[in-house]
Amino acid sequence: MILKNYNLKALNSFGVDVKTKYYYALQKIDDINFLFNQKKQFLKKILVLGGGSNILFTKDYDGLIIHNQIKGIEKVEENKDFLTLRVGAGENWHKFVLYTLKMGLSGIENLSLIPGCVGAAPIQNIGAYGVEVKDFISKVEFYHIKERKIDKKNKIECNFGYRDSIFKKSLKNKVIITHVYFKLSKKFNKVISYGTLKELAQKKSTELKAEDISNFIIEIRNSKLPNPENIGNAGSFFKNPIVSSSKIEKLTKDYPQIIYFKIDNNNYKVSAGWLIENIGLKGYRKGDAGTYEKQALVIINHSNASGKELLLFSNFISEKVLNTYDIKLENEVNIY
Ligand SMILES: Cc1cc2nc3c(=O)[nH]c(=O)nc-3n(C[C@H](O)[C@H](O)[C@H](O)COP(=O)(O)OP(=O)(O)OC[C@H]3O[C@@H](n4cnc5c(N)ncnc54)[C@H](O)[C@@H]3O)c2cc1C
19 MILKNYNLKA
29 LNSFGVDVKT
39 KYYYALQKID
49 DINFLFNQKK
59 QFLKKILVLG
69 GGSNILFTKD
79 YDGLIIHNQI
89 KGIEKVEENK
99 DFLTLRVGAG
109 ENWHKFVLYT
119 LKMGLSGIEN
129 LSLIPGCVGA
139 APIQNIGAYG
149 VEVKDFISKV
159 EFYHIKERKI
169 DKKNKIECNF
179 GYRDSIFKKS
189 LKNKVIITHV
199 YFKLSKKFNK
209 VISYGTLKEL
219 AQKKSTELKA
229 EDISNFIIEI
239 RNSKLPNPEN
249 IGNAGSFFKN
259 PIVSSSKIEK
269 LTKDYPQIIY
279 FKIDNNNYKV
289 SAGWLIENIG
299 LKGYRKGDAG
309 TYEKQALVII
319 NHSNASGKEL
329 LLFSNFISEK
339 VLNTYDIKLE
349 NEVNIY
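Counting from 1 along the sequence shown, just add 18 to a position and that's the residue number in my numbering.
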């Protein structure tokens, strides 16, 4: 059933109080036909919503929100080393990670406790603690809104990049991702390149397991990041900027403490959190919008900030960064 003037406050992790003109909870793939047989007025403008943890609504949505709730996990391929799972886009991401660990599978344990749904994971190629989800996705299945048909893209066609994919570019707002295929290993391949994880491996006297990594990451995330149930936020608001070797040379001269990582000989990823914190804007507040006291990259809603206020605050932060370092920050959060 299509609902009218539906409130989205509980459906976005910033907790912004906005409404959508029309709302539809998509629970089964068969419902897509029902939906697209509706009167044209409902289908003029469409936005798909998952867990609402990477989105900032700056005003009421003047169209149809399709809330993806397609569930289900099925085995589609198996050999002695790998298992491929086809997962409904509406499955909760963290619950899915825990499910794979229970099944003795390895790959996505470093991505534990990222909020949101499975269907959004390929969109920005979620990543954390040295792992990106692209390395475990074999296929993405979606409904193409204009062509009115189910289609698939394999891993290469998804064109994954740093917090990027075809779904943020040529297919942006054109598809409803319905299922994601994950190829996971039956053998534990640990990724502990990230600083604090190295320490864990050193401390642990018994053999390290995928569950240990997951538990450790859950602990770190709980201590460092605000829980959206208590403090509205959407995780990192900006991407870490990528700069050239000549730019990093200049930055390290001016700011010897700067945090950055080498990608290749000409590309360096700079910690956006460090850039913001170094200007003195960690824990900074303007009205009900602010940066989180423990992580400057996270913009928070102290209580009743509107989407517009949060957007203005993010503009203020990126202007300060531009004026200080001549670096233009790009939003990681989707603004509507
Ligand atoms: C505390 C916190 C920590 C976070 N940490 C991380 C992190 O470590 N790494 C990271 O990468 N991200 C992180 N995030 C961001 C966020 O959790 C992820 O981007 C997540 O994948 C978003 O999922 P979602 O279902 O909430 O997406 P939504 O916010 O609902 O949607 C995000 C975008 O995807 C589109 N979309 C969603 N589902 C579909 C679908 N089925 N079909 C088509 N389009 C769709 C929406 O239209 C929107 O543009 C964090 C967020 C929070 C609040």
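Glycine is no exception: its CB is placed at the ideal position from the N, C-alpha and C atoms.
Remember, predicted model here, so these are calculated numbers, not experimental data.
May I ask which residues mark the beginning and end of the beta strand (DSSP E) holding residue i?
{"i": "residue 184", "result": "Segment: none, residue 184 is in no beta strand (DSSP E) and carries neither H nor E."}
{"i": "residue 319", "result": "313-319"}
{"i": "residue 180", "result": "No beta strand (DSSP E) holds residue 180; DSSP gives it neither H nor E."}
{"i": "residue 270", "result": "Per DSSP, residue 270 belongs to no beta strand (DSSP E); it is in the alpha helix (DSSP H), 263-272."}
{"i": "residue 41", "result": "37-44"}
{"i": "residue 61", "result": "Looking at the DSSP string, residue 61 is not in any beta strand (DSSP E); the run it does join, the alpha helix (DSSP H), is 58-61."}
{"i": "residue 84", "result": "79-86"}
Could you please give the first and the last residue of the uninterrupted alpha helix (DSSP H) stretch that includes residue i?
{"i": "residue 219", "result": "213-221"}
{"i": "residue 237", "result": "228-242"}
{"i": "residue 158", "result": "Premise fails: residue 158 lies in the beta strand (DSSP E), 155-162, not in any alpha helix (DSSP H)."}
{"i": "residue 325", "result": "325-343"}
{"i": "residue 120", "result": "111-120"}
{"i": "residue 50", "result": "49-54"}
{"i": "residue 291", "result": "290-296"}
Quick check on residue i: buried or exposed, where buried means 16 or more other Cβ atoms within 10 Å of its Cβ?
{"i": "residue 211", "result": "exposed"}
{"i": "residue 38", "result": "buried"}
{"i": "residue 331", "result": "buried"}
{"i": "residue 281", "result": "exposed"}
{"i": "residue 171", "result": "buried"}
{"i": "residue 353", "result": "exposed"}
{"i": "residue 217", "result": "exposed"}
{"i": "residue 59", "result": "exposed"}
{"i": "residue 319", "result": "buried"}
{"i": "residue 307", "result": "buried"}
Taking 7 Å as the cut-off, is the CB of residue i close to at least one heavy atom of ligand 1?
{"i": "residue 274", "result": "no"}
{"i": "residue 11", "result": "Examination of residue 11 is not possible in this model, given that the chain is present from 19 through 354 alone."}
{"i": "residue 66", "result": "yes"}
{"i": "residue 393", "result": "Here the chain has residues from 19 to 354 only, and residue 393 is not among them."}
{"i": "residue 314", "result": "no"}
{"i": "residue 244", "result": "yes"}
{"i": "residue 87", "result": "no"}
{"i": "residue 133", "result": "yes"}
{"i": "residue 59", "result": "no"}
{"i": "residue 137", "result": "yes"}
List the whole-angstrom C-beta distance separating residue i from residue j, where the pair is believed to meet the contact cut-off of C-beta under 8 Å.
{"i": "residue 327", "j": "residue 305", "result": "6 Å"}
{"i": "residue 45", "j": "residue 20", "result": "No, residue 45 and residue 20 are not in contact; Cβ-Cβ is about 13 Å, not under 8 Å."}
Confirm the yes/no value for this check: CB of residue i, any heavy atom of ligand 3, distance under 7 Å.
{"i": "residue 232", "result": "Looking for ligand 3 in the displayed structure turns up nothing; the ligands present are ligand 1."}
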